[in-house]
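To keep things clear, I will list the structure first and then write my remarks on it.
There are 2 protein chains.
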Amino acid sequence: ASPGTRQPLDRLLDDMTWNEQGLMPAIAQQHDSGEVLMMAWMNRASLEETLETGRVCYWSRSRNRPWRKGESSGQQQQLIEARLDCDGDTLLLLVDQLGAACHTGRRHCFYTRLTREQGEVISAPLVDPETLYGASQ
Amino acid sequence: ASPGTRQPLDRLLDDMTWNEQGLMPAIAQQHDSGEVLMMAWMNRASLEETLETGRVCYWSRSRNRPWRKGESSGQQQQLIEARLDCDGDTLLLLVDQLGAACHTGRRHCFYTRLTREQGEVISAPLVDPETLYGASQ
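Here the protein sequences come in this chain order: X and P.
Under our numbering, the first sequence has 244 at position 36, and the numbering climbs by one with no breaks.
Under our numbering, the second sequence has 253 at position 45, and the numbering climbs by one with no breaks.
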């Protein structure tokens with residue numbers, strides 16, 4: 209398809225490849241710096257909500273419910289642009305991330321560097337997770 | 209864990225969360241420009257090979273075999289750095305991509321922009337896929 213080719217969203221949503229659980233991986237990238245912040249999952253309803261509201265909503269596999277990013281931590285993601293890949297089975301979300309994307313209090317989740325010998329932690333939290341989630345976490 | 213904390217690779221590989229098929233999503237990002245190129249899957253053996261050789265090897269779910277990126281198209285990915293996320297279930301690969309990462313001949317796979325009304329193709333192939341894979345594709 210050449211640039212400018214358009215399709216109604218409903219038809220695209222029907223044609224996307226959702227997995228057995230009705231989910232698709234969604235990569236969140238900070239729109240200006242290019243940092244890859246995290247990867248989480250979306251179902252059709254959470255993608256539709258995200259496109260409607262402009263605030264990123266994932267599907268939490270552990271809690272089995274919609275997960276409006278930042279709902280407990282305050283570290284929200286504003287959607288700048290959503291993109292679908294060639295196979296229709298992965299999303300890239302360009303976002304504006306408030307504070308720390310990672311539940312450890314780090315800016316992003318990819319903080320362990322792997323080599324052929326070892327893994328090494330390469331970044332420190334920006335904030336104490338207890339201040340984000342309370343001392344129970 | 210604070211910056212500088214290290215673990216042997218074997219132990220990390222044992223502790224990672226591979227899915228029911230023994231796979232993990234791997235996001236490829238161009239190391240210098242920050243472009244997110246594609247998302248594919250790795251198993252333990254393909255990650256180990258990638259770290260050993262410095263050339264990215266995925267696991268092809270459709271062909272059910274190792275997929276050394278560029279083996280038929282010539283569009284190889286050289287590994288610059290591999291990173292694991294906080295949950296141990298997603299990889300970020302900083303790579304140097306030769307030519308087009310996408311099988312459509314585009315630089316990257318995320319070329320359909322989604323809005324609440326529609327999807328729109330926003331980039332054109334760099335190369336004709338027939339020159340990458342032959343006219344049979």
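Think of the CB as a built atom: it goes at the ideal place given N, C-alpha and C, for glycine as much as any other residue.
| message | Check whether chain X comes within 9 Å of V329 (chain P), counting only Cβ atoms and requiring the distance to be less than that. | response | Output row for V329 (chain P): interface = yes.
Cβ closer than 7 Å: which chain P residues qualify as neighbours of G242 (chain X)? Result: G242.
CB-CB under 6 Å to Q305 (chain P), same chain, minus the five flanking residues each way: which ones, in chain order?
Closer than 6 Å at the Cβ level, and outside the excluded window around Q305 (chain P), lie Q238, L245 and Q285.
Worksheet item: Got a sec: is the Cβ-Cβ distance from M246 (chain X) to anything in chain P below 9 Å?
Response: So, interface residue.
How about T298 (chain P) and I235 (chain P): are their beta carbons less than 9 Å apart?
Taking 9 Å as the Cβ cut-off, T298 (chain P) and I235 (chain P) qualify as a contacting pair.
Open item on the list: Quick check: the Cα distance between W267 (chain X) and R214 (chain P), rounded to an integer number of angstroms?
Closed with: Rounded to the nearest whole angstrom, the CA to CA distance from W267 (chain X) to R214 (chain P) is 32 Å.
Collapsed DSSP secondary structure at T298 (chain P) in the structure displayed: Note: T298 (chain P) maps to coil in three-state DSSP.
(message) Restricting to Cα atoms, I'd like to know which of P:E289, P:L221, P:D293 and P:A309 is closest to A248 (chain P).
(response) Measuring from the Cα of A248 (chain P), the nearest candidate turns out to be P:A309.
In whole angstroms, give me the CA-to-CA distance for G212 (chain P) and V329 (chain X). Annotation: G212 (chain P) to V329 (chain X) spans about 5 Å, alpha carbon to alpha carbon.
Name the DSSP bridge partner or partners of R214 (chain P)? Answer by DSSP bridge pairing, in chain order: X:E328.
- prompt: Any beta-carbon of chain P closer than 9 Å to the one on P274 (chain X)?
  reply: It does not; no Cβ of chain P falls within 9 Å.
* Output yes or no for whether 9 Å exceeds the beta carbon distance between T261 (chain P) and M250 (chain P). => Their beta carbons are not under 9 Å apart, which means T261 (chain P) does not touch M250 (chain P) by this criterion.
| said: Once DSSP output is grouped into helix, strand and coil, what is the label at S347 (chain X)? | reply: As displayed, chain X neither begins before 209 nor continues past 345, which places residue 347 (chain X) out of reach and without an answer.
ask   = Beta-carbon of V341 (chain X) versus every beta-carbon of chain P: anything under 9 Å?
value = Note that residue 341 (chain X) is Tyr in the sequence shown here, rather than Val. No, its Cβ sits nowhere closer than 9 Å to a Cβ of chain P.
Practice problem: Flag G307 (chain X) as yes if its beta-carbon sits less than 9 Å from any beta-carbon of chain P, otherwise no. | Solution: Residue-level contact check: G307 (chain X) does not touch chain P, since none of the beta carbons of chain P fall below 9 Å from its beta carbon.
Problem set entry | Selection from P:Q229, P:P337, P:E325 and P:R219 that minimises the alpha carbon distance to N272 (chain P) | That would be P:Q229, whose Cα lies nearest to the Cα of N272 (chain P).
Review point. Is DSSP giving T261 (chain P) helix, strand or coil here?
Key: DSSP places T261 (chain P) in helix when its eight states are reduced to three.
inquiry  = Less than 9 Å between CB atoms is the rule here; does G212 (chain P) satisfy it with respect to chain X?
reply    = Output row for G212 (chain P): interface = yes.
_Helix, strand or coil for L334 (chain X)? Go by DSSP, reduced to three states._
In the structure shown, L334 (chain X) falls within a coil segment according to DSSP collapsed to helix, strand and coil.
Query raised in the report: Do L292 (chain P) and L300 (chain P) have their C-beta atoms closer together than 9 Å?
Result: The answer is yes: Cβ separation under 9 Å.
CB contact check: E338 (chain P) to chain X, cutoff 9 Å: By this cut-off, E338 (chain P) is not an interface position.
Open item on the list: Counting only Cβ pairs nearer than 7 Å, list the residues of chain X close to H239 (chain P).
Closed with: Chain X residues near H239 (chain P): none, gap ~11 Å exceeds 7 Å.
When the Cα atoms are used, what is the spatial distance from P337 (chain X) to L340 (chain P)? Spanning the two alpha carbons is a distance of roughly 48 Å.
Candidates P:R269, P:L334, P:D295 and P:G313, of which the one nearest L231 (chain P) by Cα: Closest in alpha carbon position to L231 (chain P), among P:R269, P:L334, P:D295 and P:G313, is P:R269.
Sort X:L221, X:C317, X:D240 and X:S241 by Cα distance to S254 (chain X) and report the nearest one.
For S254 (chain X), the nearest C-alpha among the options comes from X:L221.
#### Entry: Contact check, H160 (chain X) vs S331 (chain X), beta carbons under 9 Å
Residue 160 (chain X) lies beyond the stretch modelled for chain X, which goes from 209 to 345, so this question has no answer here.
Best match in P:R263, P:S241 and P:D295 for proximity to W226 (chain P) [C-alpha to C-alpha]: Of P:R263, P:S241 and P:D295, the residue nearest in Cα terms is P:D295.
As a quick exercise: from P:E289, P:L334 and P:C265, pick the residue whose alpha carbon is nearest that of S280 (chain P).
Ranked by Cα distance from S280 (chain P), the options P:E289, P:L334 and P:C265 are led by P:C265.
- Going straight from the alpha carbon of G342 (chain X) to that of Q283 (chain X), what length do you get? Each residue's alpha carbon lies about 14 Å from the other.
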